[in-house]
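**Student:** Shown below is the structure under consideration.
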Amino acid sequence: MKRLLKGRLGFIFLFAMLTLILSGCGEPFLSTLQPAGEVARTQYDLMLLSVVIMVGVIIVVTAIFLIVLFKFRRKDESIPKQVEGSHKLEIIWTVIPILLLLVLAVPTVKATFDLADVSPMEETNEEGKTDVMTVNVRANLYWWEFEYPNEEIITSQELVVPTDERVYFNLIASDVKHSFWIPAVGGKMDTNTDNVNKFWLSFDGDKANELEDNIFYGKCAELCGPSHALMDFKVRAIPRDQFDQWVGNMQSVTEPVAAESATAQQGQEIFNNSCIGCHAVTPANTTPEAARMAPNLTNFGDREHIIGYLENNEENIKKWLNDPESLKPGNKMTDTYGDLSDEEIDALTQYLTGLKVQD
Numbered sequence: 001m002k003r004l005l006k007g008r009l010g011f012i013f014l015f016a017m018l019t020l021i022l023s024g025c026g027e028p029f030l031s032t033l034q035p036a037g038e039v040a041r042t043q044y045d046l047m048l049l050s051v052v053i054m055v056g057v058i059i060v061v062t063a064i065f066l067i068v069l070f071k072f073r074r075k076d077e078s079i080p081k082q083v084e085g086s087h088k089l090e091i092i093w094t095v096i097p098i099l100l101l102l103v104l105a106v107p108t109v110k111a112t113f114d115l116a117d118v119s120p121m122e123e124t125n126e127e128g129k130t131d132v133m134t135v136n137v138r139a140n141l142y143w144w145e146f147e148y149p150n151e152e153i154i155t156s157q158e159l160v161v162p163t164d165e166r167v168y169f170n171l172i173a174s175d176v177k178h179s180f181w182i183p184a185v186g187g188k189m190d191t192n193t194d195n196v197n198k199f200w201l202s203f204d205g206d207k208a209n210e211l212e213d214n215i216f217y218g219k220c221a222e223l224c225g226p227s228h229a230l231m232d233f234k235v236r237a238i239p240r241d242q243f244d245q246w247v248g249n250m251q252s253v254t255e256p257v258a259a260e261s262a263t264a265q266q267g268q269e270i271f272n273n274s275c276i277g278c279h280a281v282t283p284a285n286t287t288p289e290a291a292r293m294a295p296n297l298t299n300f301g302d303r304e305h306i307i308g309y310l311e312n313n314e315e316n317i318k319k320w321l322n323d324p325e326s327l328k329p330g331n332k333m334t335d336t337y338g339d340l341s342d343e344e345i346d347a348l349t350q351y352l353t354g355l356k357v358q359d
């Protein structure tokens, strides 16, 4: 019995120490404990409220336990006065939990309804567009597409949003259930194949400015296949004037960016003979959703990362083009791309890195 008790205490101690150590982990671009938006702060405050209530209950119960343990411990063989049927005690231990539940439930229910209010994105103006910032998110195995219906542009893998205003999202999936999650900015929501989920987030400009290149990290939070853990995306949160400039740059691309060098021109020819069947290199949203088989590459050269999690550089692009299955198992490109020579990979890499819209 002593050995079993010692083993359990050791496990509890080890678990407590690991919890303490892991509580210090996390980066501001990926931590729910460093909220960077209105939704995240609301959820964080609710979490703190629940923790305070639970810790308070533990303290009170522990104090009562210790008082009873030491003050009323048995000192002789006499039987203490028996107390039963006390209406006062029954009222106390019934009313207190009810009050605690109300303290927790009222702000939780209010926040739930506030965060679920997407009525502004349901209202359209004379042009048939909304007056609020709206993004259509489409999840695929294993990449993300972002469509801006008001701006009439499409991009992928890197979501660009204005700071300090609400951004409304329509969420849907093309194949299996996924889940859209930007940990530092707000809770996750599923993307389904048979219905559209809607919610909104806001991105704190001051918090975004503290990050490298104003980049938050997003993830898929629903197990969706062998590369679920690699189904990441990045969120670049920038001031409204910079966002409008980015939109203007994207809208100005009406034709694929022309390759400049001879090697890049060779890469563009390779791209047009094979890759163009799945990848688009213009941001117009006229392409039917069913025909968007792979990420839009209009501003590929401007992105901080490729395939969701690798730094955007020539070495990683070549690794991806040479063997996509090794970097993202189960991806759709593995079954569709042809074997490329080293020379063709070099040319295609140079063409892809030249796909830029930034001034």
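In the UniProt record's numbering, the protein residues as written are 1 to 359.
Heads up, the beta-carbon is just placed ideally off N, CA and C, and yes, glycines get one too.
Taking the alpha helix (DSSP H) that residue 107 belongs to, which residues open and close that run?
**Tutor:** Within the sequence shown, the letter at position 107 stands for residue 107. Per DSSP, residue 107 belongs to the alpha helix (DSSP H) from 87-115.
**Student:** Please state whether the Cβ-Cβ distance between residue 284 and residue 333 is less than 8 Å.
**Tutor:** The residue labelled residue 284 in the question sits at position 284 within the sequence shown. The residue labelled residue 333 in the question sits at position 333 within the sequence shown. Their beta carbons are not under 8 Å apart, which means residue 284 does not touch residue 333 by this criterion.
**Student:** Work out the CA separation of residue 260 and residue 190 for me, nearest whole Å.
**Tutor:** The residue you call residue 190 lines up with position 190 of the sequence shown. The residue you call residue 260 lines up with position 260 of the sequence shown. One C-alpha to the other measures close to 42 Å.
**Student:** Using CA atoms only, rank isn't needed, just tell me which of 225, 184 and 220 is closest to residue 203.
**Tutor:** As a position in the sequence shown, residue 203 is number 203, starting the count at 1. Checking every option, the nearest Cα to that of residue 203 belongs to 184.
**Student:** Quick check on residue 46: does DSSP put it in helix, strand or coil?
**Tutor:** For the purposes of this step, residue 46 is taken as residue 46 along the sequence shown, with counting starting at 1. Three-state result, residue 46: helix.
**Student:** Return the chain-ordered list of same chain residues with a C-beta closer than 6 Å to the C-beta of residue 113, the five sequence neighbours on each side being excluded.
**Tutor:** Counting from 1 along the sequence shown, the entry for residue 113 is found at position 113. Result list for residue 113: empty, nothing under 6 Å.
**Student:** With three or more C-beta pairs closer than 8 Å as the rule, is the region 313-326 touching the region 212-232?
**Tutor:** Result no; under three Cβ-Cβ pairs closer than 8 Å.
**Student:** Work out the CA separation of residue 153 and residue 128 for me, nearest whole Å.
**Tutor:** As a first step, residue 128 is located in the sequence shown; it is residue number 128 there, counting from the start. As a first step, residue 153 is located in the sequence shown; it is residue number 153 there, counting from the start. Distance between the alpha carbons of residue 128 and residue 153: 16 Å.
**Student:** Given a threshold of 16 other Cβ atoms within 10 Å of its Cβ, counted over all protein chains shown, does residue 179 qualify as buried or as exposed?
**Tutor:** Within the sequence shown, numbered from 1, the residue matching residue 179 stands at position 179. Buried, by the Cβ-count rule.
**Student:** Give me the Cα-Cα distance between residue 86 and residue 76, rounded to the nearest whole angstrom.
**Tutor:** As a working note, residue 86 is residue 86 in the sequence shown. As a working note, residue 76 is residue 76 in the sequence shown. Rounded to the nearest angstrom, the two C-alpha atoms are 26 Å apart.
**Student:** Going by DSSP, what residue range makes up the beta strand (DSSP E) through residue 352?
**Tutor:** Translated into the one-based positions of the sequence shown, residue 352 becomes position 352. Premise fails: residue 352 lies in the alpha helix (DSSP H), 342-353, not in any beta strand (DSSP E).
**Student:** Does DSSP classify residue 21 as helix, strand or coil?
**Tutor:** Reading the sequence shown from its first residue, position 21 is the one you call residue 21. Here residue 21 sits in helix by DSSP.
**Student:** Can you check whether the CB of residue 301 is closer than 8 Å to the CB of residue 340?
**Tutor:** Along the sequence shown, read from residue 1 onward, the residue named residue 340 stands at position 340. Along the sequence shown, read from residue 1 onward, the residue named residue 301 stands at position 301. Contact flag unset, no.
**Student:** Which word fits residue 15, buried or exposed, when buried means at least 16 other C-beta atoms lie within 10 angstroms of its C-beta?
**Tutor:** Numbered from 1 along the sequence shown, position 15 holds the residue referred to as residue 15. Its Cβ having fewer than 16 others within 10 Å, residue 15 is exposed.
**Student:** With DSSP as the reference, label residue 231 as helix, strand or coil.
**Tutor:** Translated into positions along the sequence shown, residue 231 becomes position 231. In this structure, residue 231 counts as coil in the three-state DSSP scheme.
**Student:** Taking just the CA atoms, how far does residue 182 sit from residue 36?
**Tutor:** In the sequence shown, counting from the first residue as 1, residue 36 sits at position 36. In the sequence shown, counting from the first residue as 1, residue 182 sits at position 182. Whole-angstrom Cα-Cα distance: 10 Å.
**Student:** For the alpha helix (DSSP H) containing residue 257, name the first residue and the last one.
**Tutor:** Here residue 257 refers to the residue found at position 257 when the sequence shown is read from its first residue. Looking at the DSSP string, residue 257 is not in any alpha helix (DSSP H), and its letter there is neither H nor E.
**Student:** I want to know whether the region 231-244 touches the region 155-162 - three or more CB-CB distances under 8 Å.
**Tutor:** The region 231-244 vs the region 155-162: in contact.
**Student:** Given residue 98, which residues of its chain have a CB within under 7 Å of its CB, disregarding the five upstream and five downstream residues?
**Tutor:** Position 98 of the sequence shown, counting from 1, holds the residue named residue 98. Hits under 7 Å: none found.
**Student:** Select from 304, 358, 27 and 201 the residue whose C-alpha is nearest the C-alpha of residue 39.
**Tutor:** Here the question's residue 39 lines up with position 39 in the sequence shown. Of 304, 358, 27 and 201, the residue nearest in Cα terms is 201.
**Student:** If distances are taken between C-alpha atoms only, which option among 142, 206, 67 and 158 comes closest to residue 135?
**Tutor:** Position 135 of the sequence shown, counting from 1, holds the residue named residue 135. The candidate whose alpha carbon is nearest that of residue 135 is 158.
**Student:** Just to confirm, are residue 226 and residue 329 a CB contact at a threshold of 8 Å?
**Tutor:** For the purposes of this step, residue 226 is identified with residue 226 of the sequence shown, where counting begins at 1. For the purposes of this step, residue 329 is identified with residue 329 of the sequence shown, where counting begins at 1. Contact: yes.
**Student:** Of all the beta strand (DSSP E) runs that stay within the bounds of the region 186-273, which reach a length of 3 or more residues?
**Tutor:** Whole beta strand (DSSP E) segments, 3+ residues: 186-191, 197-202, 215-220 and 232-238.
**Student:** Determine the DSSP secondary structure at residue 297, reduced to helix, strand or coil.
**Tutor:** Residue numbering aside, residue 297 sits at position 297 when the sequence shown is read from its first letter. Three-state DSSP puts residue 297 in coil, outside helix and strand.
**Student:** In three-state terms, what does DSSP make of residue 283?
**Tutor:** Taking the first residue of the sequence shown as position 1, residue 283 is located at position 283. Residue 283: coil per DSSP, three-state reduction.
**Student:** Would you kindly work out how many angstroms separate the C-alpha atoms of residue 345 and residue 55, rounded to a whole number?
**Tutor:** As a first step, residue 345 must be located in the sequence shown, where it is residue number 345. As a first step, residue 55 must be located in the sequence shown, where it is residue number 55. So the alpha carbons of these two residues sit roughly 59 Å apart.
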